[in-house]
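Some notes on the structure that comes next.
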Amino acid sequence: MQAYELIKVLDPLVGVAEATFFMNRSNEMLGGITPVTAIKQGRLDDVKRAVRAVAAEKGVFQTPL
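So the sequence shown is numbered by the working numbering: it starts at 49 and just counts up by one.
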């Protein structure tokens with residue numbers, strides 16, 4: 049459920065396909081693991097930080113979380 053909520057945040061910024069891809073690929077901010085794996089490990093705050101970084105890179109960051 050947490051992954052879905054984060055995808056909903058990213059969707060308007062990058063589109064659903066890119067948001068889903070983000071959640072399933074390794075991420076340097078998470079130590080090279082996927083956001084889904086990080087959520088399973090209880091690292092939701094780290095994943096939220098990574099989502100905010102993506103939003104900031106897109107230049108449309110608002111505080112969605």
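We put the CB at the ideal spot given by N, CA and C, even for glycine.
For clarity, every value in this text was computed on a predicted model and none was experimentally measured.
In the DSSP output, what is residue i paired with across the bridge?
i: isoleucine 87; result: In the DSSP output, where bridge partners are listed per residue, isoleucine 87 has none listed.
Do you know whose CA, among the options, lies nearest residue i's CA?
i: lysine 88; options: Met71, Arg100 and Glu76; result: Met71
i: valine 102; options: Pro60, Tyr52 and Gln50; result: Pro60
i: lysine 106; options: Val57, Ala51, Asp94 and Tyr52; result: Val57
i: glutamate 66; options: Asp93, Leu54 and Arg91; result: Leu54
Assuming residue i contacts residue j (C-beta within less than 8 Å), just tell me the rounded distance between them.
i: alanine 51; j: valine 99; result: Contact flag wrong, Cβ pair sits at about 10 Å.
In the DSSP assignment, find the alpha helix (DSSP H) that holds residue i and state where it starts and stops.
i: methionine 71; result: 64 to 72
i: leucine 92; result: 92 to 105
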